[in-house]
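S.K.:
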Amino acid sequence: MFRIPAILFLLIILLTPLAAQSPWTPGTYYARGVQVTYQGVTYSCLQSHTAIVSWEPVSTPALWQVVNPRGTQCTSVPGAPRNLAASGTTSTGTTLSWTASTVSTGCNVSSYTVYRNGAAIGTATGTSFAVTGLAPSTSYQFTVSATDAAGVSTQSTAVTEIPEIAFRIDVFLRWRGRQGARIQLLPLGAGAKQQIFDDPAWLGVATRLVRAF
Numbered sequence: 006m007f008r009i010p011a012i013l014f015l016l017i018i019l020l021t022p023l024a025a026q027s028p029w030t031p032g033t034y035y036a037r038g039v040q041v042t043y044q045g046v047t048y049s050c051l052q053s054h055t056a057i058v059s060w061e062p063v064s065t066p067a068l069w070q071v072v073n074p075r076g077t078q079c080t081s082v083p084g085a086p087r088n089l090a091a092s093g094t095t096s097t098g099t100t101l102s103w104t105a106s107t108v109s110t111g112c113n114v115s116s117y118t119v120y121r122n123g124a125a126i127g128t129a130t131g132t133s134f135a136v137t138g139l140a141p142s143t144s145y146q147f148t149v150s151a152t153d154a155a156g157v158s159t160q161s162t163a164v165t166e167i168p169e170i171a172f173r174i175d176v177f178l179r180w181r182g183r184q185g186a187r188i189q190l191l192p193l194g195a196g197a198k199q200q201i202f203d204d205p206a207w208l209g210v211a212t213r214l215v216r217a218f
C-alpha cells in the first residue's frame with residue numbers, strides 16, 4: 006500500500022492555501038464554526054443562526070468572533086476611540102466624531118461601531134458618523150468601539166446628547182383688511198433663522214404657535 010512520507014504530508018498541509026471564506030450575507034443560515042468575511046475581516050460563527058440586517062458580525066460579538074487567518078501579524082485589539090463628541094445637533098439627529106484608535110504594529114482598524122444607549126446602530130470606516138431618527142427632548146448616550154483583525158476594542162467614554170425641540174411661530178400682520186407676514190424661528194442648534202415680511206401700514210398683530218415638530 007502506497008504511503009505518503011510524513012514530511013511530504015506536512016509540506017502539503019503548510020503550502021495549501023486557506024479556503025476563501027464567503028462574505029457575510031443577510032438571510033443565510035450559519036452553523037457554529039463557519040467562517041465568513043465582513044469588511045475585510047474574517048469571523049467565526051459562535052452560535053448557529055440565520056443572519057439578518059443589524060446582526061452584522063462587527064456589531065454582534067455574541068454571534069461572531071474575529072479570527073486570525075494564517076499569515077496575519079495582527080494579534081492585539083485596538084485601543085478605545087477617544088475624544089468622542091457630538092455636533093450639529095438638530096431635533097432629529099446629530100453628528101458624532103472621535104479620535105482614531107491606536108493600534109499595534111501590523112494592525113489596522115477596519116471599522117468603527119457606533120452604539121446608542123448600548124445598542125449598535127451602524128458602522129463607519131472613518132472617524133465620524135451621522136446619527137438620524139432621534140426624538141426631540143430625549144436623552145441619548147453614544148459610544149464607539151474599533152475593530153481590527155484581532156478583535157473589538159472596549160467602547161469609548163460615552164457622550165450624552167439631547168436633541169433640541171424645533172418649533173415654528175407664525176406672526177400675522179394685519180393691514181388694510183388683509184393679513185400676511187410670517188416670522189419663522191428655529192432653535193440655535195438648527196441655525197437660528199428668521200424670515201420677516203413687513204408693511205409700514207400694518208394695523209395690528211396676532212401671533213399663534215402653529216406646531217412643534
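For the working numbering, count along the sequence shown from 1 and bump the result up by 5. Ideal Cβ placement from N, Cα and C applies to all residues, glycine included. Predicted model only: the values in this text are computed from it and were never measured.
Taking all protein chains shown into account, decide if A67 is buried (16 or more other Cβ within 10 angstroms of its Cβ) or exposed.
M.R.: exposed
S.K.: Is the CB-CB distance between F147 and Y117 below 8 angstroms?
M.R.: No; because the gap between Cβ atoms is not below 8 angstroms, this pair is not in contact.
S.K.: What does the alpha-carbon distance come out to for the pair S27 and E169?
M.R.: 44 angstroms
S.K.: Would you tell me roughly how many angstroms separate the C-alpha atoms of D153 and I57, rounded to the nearest one?
M.R.: Distance between the alpha carbons of D153 and I57 is about 23 angstroms.
S.K.: Would S142 be called buried (16 or more neighbouring beta carbons within 10 Å of its own) or exposed?
M.R.: exposed
S.K.: Go through its chain and collect everything with a Cβ distance to T80's Cβ below 6 angstroms, but skip five positions before and after it.
M.R.: A155
S.K.: Tell me whether P31 is buried or exposed, calling it buried when 16 or more other Cβ atoms sit within 10 Å of its Cβ.
M.R.: exposed
S.K.: Output the boundary residues of the beta strand (DSSP E) element that contains W103.
M.R.: T99 to T104
S.K.: According to DSSP, simplified to helix, strand and coil, what is P28?
M.R.: strand
S.K.: Let's test the definition: count the other Cβ atoms within 10 Å of the Cβ of Q40 and tell me whether it reaches 16, buried, or not, exposed.
M.R.: Answer is buried; the Cβ neighbour count reaches 16.
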